[in-house]
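In what follows, a single structure is set out as structure tokens and then discussed.
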């Protein structure tokens, strides 16, 4: 990927920090570690997306975090709203990967930014629900 695309995704990764802080504010201390670790690994990866090891760590933390949070969400009042928002985010992530070519890079980056937005929104729903 080019440096401009990396910078856009690095910038949108900062949304994740907000959800970690919101989790801590709502006293979801263990759940807050999920977006905090994803935030740190994402910043590390998007500063240079050509680093294969950073990519693997980022993906591993995202997958582990999703399993933890999706499992926890079954016990909350707003579970359906949370799962629906997660699915929309995953849709944009898949779409971004499907359209990824050098000529469609801006569209792929936009879809990945939308993934960041929906992932962060789903986190807020999860941490704000009883």
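In the numbering used here, the protein residues as written are 34 to 163. A virtual CB, placed ideally from N, CA and C, is assigned to each residue, including glycine. These numbers come from a predicted model, not from an experiment.
Put residue 109 into one of helix, strand or coil per three-state DSSP. Here DSSP, grouped into helix, strand and coil, assigns residue 109 to coil.
- Do you know offhand how far residue 159's Cα is from residue 106's? Approximately 7 Å, taken between the alpha carbons.
Review point. Distance, Cα to Cα, residue 47 vs residue 137?
Key: Straight-line spacing of the CA atoms in residue 47 and residue 137 works out to 24 Å.
* Asked: Which of the three DSSP states, helix, strand or coil, is assigned to residue 99?
  -> Residue 99: helix per DSSP, three-state reduction.
Open item on the list: Measuring straight from C-alpha to C-alpha, what distance separates residue 92 and residue 142?
Closed with: In a straight line, the C-alpha of residue 92 is about 17 Å away from that of residue 142.
What's the C-alpha gap between residue 56 and residue 161? Cα to Cα, the separation comes out at about 8 Å.
> Using the beta-carbon count (16 or more within 10 Å), is residue 134 buried or exposed?
Replying inline: Residue burial annotation: residue 134 is exposed, with fewer than 16 other C-beta atoms found within 10 angstroms of its C-beta.
Next on the checklist: For residue 146 and residue 132, I'd like the C-alpha separation in whole angstroms.
Outcome noted: The alpha-carbon atoms of residue 146 and residue 132 are separated by roughly 14 Å.
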